[in-house]
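Below is one structure, written out as structure tokens; the observations come after it.
Residue numbers (my numbering): 14 to 524.
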């Protein structure tokens, strides 16, 4: 009786705390509780990382003009640094400074804007005519090849726009002419970072078109920690225009690409007091207005939770918060329905992998991997190995099988096979070990039944975790996981008949 009272007390406390925190966050802080009430905004966080050398630190990062003019930017999470924004005739720069620092450092700045907003790469009027382009001095046959390329391109181009498209279609082509290959080889030796950009700017300069580098960010929250996308900004005689050299025929679209920096100059000035500096961007589609997010960051620790973290760190939790949801489905199907599985974590981690792979493709790949691995596991059983070396051998075999399947699928042109690395190899190795033991002790029928049950539970967990409203609650209201924990505790005390047992023993009830 005491144990039951303690359980009910714990369940009530968990529901009260989790529900109370969620209600406070929704009512007082204004976080939309229902996904339909959300405000879809793109949130882009720039992360400047470098290795401090023990001296005073100074760093400057160019900021997007369009976002700054609309008040959508803020410094976020750079610890113990002095920060300011410099405005030089409409060109904004973030400036950090600090005393002597050592070891790895990270500086953060984030901007946000509503989905569907202009990309920042729209044609911009030139209030002053730019200086004539710097004509590159290419010696001998190299210069002759470059001039020939420009002459041919100009002959079939009506304006700077068509000239840009003509040049970069050839630069990107696998079947470019010999002249392009000669010039391209030169720039690959001179500029290892962006040879196509440097080559394109110089060829445009030879054609009399002023051009300069720009940088953008892909609007995809599936790609965290992405490097800046190199772009080119050129003058067409009246406007400055931005294009992506990788897709020269496309005009930058605010739904796919955001132009972070234009106007020439470096995206990140050399960091004083640091080395190996680099900029990466994390992109998420956020549902919380900026004012609400600021209130959350200033709120108590238990209320702010992961929303107070920098976006690049926060993105890690996008899948972590789904693991308890998958575990709840496993508990429900095992203890209430009565489906047998190979452990608790295997179905959950398999469901996580299915979130990135199409379910049918993932199940086929998993079946091939388990089938081949089980055959090798039976070969190992004949060697009478101890448990730990046997499992370690399974890990090696699973790794090699995953590599082989990736290579074969790539050669066959099947892109999905490359994603086989999403399957957790350690869990699969233990699955092979347990399945082989069940096969030997209880028969192949039980072994296959439990594996099939694990796959079925994983698919059910996948569909539950795939619900957008569930994902929204798990990420923006992680305190509601306490309510989920209360449900798991209640199920943990259930000792009655499972649904599958009611079917098995149906004949007894009739008797």
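We put the CB at the ideal spot given by N, CA and C, even for glycine.
Count the other CB atoms, across all protein chains shown, that sit within 10 Å of the CB of residue i; report buried if there are 16 or more and exposed otherwise.
i           : result
residue 327 : buried
residue 240 : exposed
residue 399 : exposed
residue 391 : exposed
residue 467 : buried
residue 47  : exposed
residue 360 : buried
residue 230 : buried
residue 457 : exposed
residue 299 : buried
residue 425 : exposed
residue 510 : exposed
Grab me the residues of residue i's own chain with a C-beta within less than 7 Å of its C-beta, minus the 5 sequence neighbours each way, in chain order.
i           : result
residue 148 : 218 and 219
residue 291 : 62
residue 228 : 241, 242, 243, 244, 273, 274 and 280
residue 324 : 56, 58, 123, 295 and 297
residue 182 : 261
residue 97  : 108
residue 506 : 20
residue 27  : 495, 496, 498 and 499
Enumerate in chain order the residues of its own chain whose CB-to-CB distance from residue i is below 6 Å, with the five nearest sequence positions on each side excluded.
i           : result
residue 80  : 86, 124 and 126
residue 504 : 344 and 348
residue 225 : 246 and 277
residue 257 : 244
residue 486 : 493
residue 189 : 183
residue 208 : 200 and 201
residue 447 : 355
residue 575 : Residue 575 falls outside the range modelled here, since the chain spans only 14 to 524, and no answer is possible.
residue 99  : 106 and 108
residue 35  : 490, 492 and 493
Among the options, which one has its Cα closest to the Cα of residue i?
i           : options               : result
residue 179 : 31, 216, 191 and 511  : 216
residue 158 : 105, 212 and 182      : 212
residue 501 : 373, 358, 340 and 482 : 340
residue 297 : 99, 21 and 57         : 57
residue 437 : 498, 358 and 461      : 358
residue 282 : 516, 41, 75 and 38    : 75
residue 108 : 102, 214, 94 and 139  : 94
residue 115 : 154, 153 and 65       : 65
residue 464 : 353, 385 and 515      : 353
residue 387 : 421, 450 and 330      : 450
residue 422 : 455, 377 and 454      : 377
residue 233 : 156, 385, 447 and 54  : 54
residue 499 : 100, 21, 15 and 16    : 21
residue 249 : 222, 510, 101 and 263 : 222
residue 539 : 60, 18, 44 and 15     : As shown, the chain starts at 14 and ends at 524. That puts residue 539 outside it, with no answer to give.
residue 23  : 516, 510, 497 and 509 : 497
residue 372 : 479, 329 and 454      : 479
residue 484 : 455, 331, 18 and 169  : 331
residue 104 : 92, 27, 82 and 165    : 82
residue 342 : 152, 477 and 153      : 477
residue 198 : 18, 164, 151 and 169  : 151
Can you name the residues that DSSP bridges to residue i?
i           : result
residue 298 : 55
residue 73  : 108
residue 288 : 64
residue 97  : 108
residue 15  : None, per the DSSP bridge assignment.
residue 402 : The partner list for residue 402 (beta bridge, DSSP) is empty, contrary to what the question assumes.
residue 244 : 227
residue 196 : Residue 196 is not bridged to any residue.
residue 274 : 228
residue 281 : 74
residue 119 : 62
residue 88  : 122
Once you ignore the five residues that flank residue i on each side, which residues in its own chain have a CB closer than 8 Å to its CB?
i           : result
residue 161 : 192
residue 406 : 393 and 398
residue 117 : 62, 63, 64 and 65
residue 512 : 349, 350 and 351
residue 166 : 176, 179, 180, 183, 216 and 220
residue 251 : 138 and 139
Specify whether the segment 336-352 and the segment 463-477 touch according to this definition: at least 3 beta carbon pairs, one from each stretch, less than 8 Å apart. yes
When you compare the segment 132-146 with the segment 255-273, are there three or more beta-carbon pairs, one atom per stretch, that lie closer than 8 Å? yes
The segment 330-342 contacting the segment 362-371, beta-carbon criterion three pairs below 8 Å: yes
The segment 165-181 contacting the segment 137-146, beta-carbon criterion three pairs below 8 Å: No: fewer than three Cβ pairs fall under 8 Å.
Using 8 Å as the Cβ pair cut-off and three pairs as the minimum, do the segment 283-292 and the segment 66-76 touch? They touch, by the three-pair rule.
Any 3 or more C-beta pairs closer than 8 Å across the segment 379-397 and the segment 405-418: yes
Inspect the CB distances between the segment 484-504 and the segment 25-36 and report whether three or more fall short of 8 Å. A contact exists between the segment 484-504 and the segment 25-36.
Assess contact between the segment 401-411 and the segment 440-457, defined as three or more Cβ pairs (one per stretch) separated by less than 8 Å. Is contact present? yes
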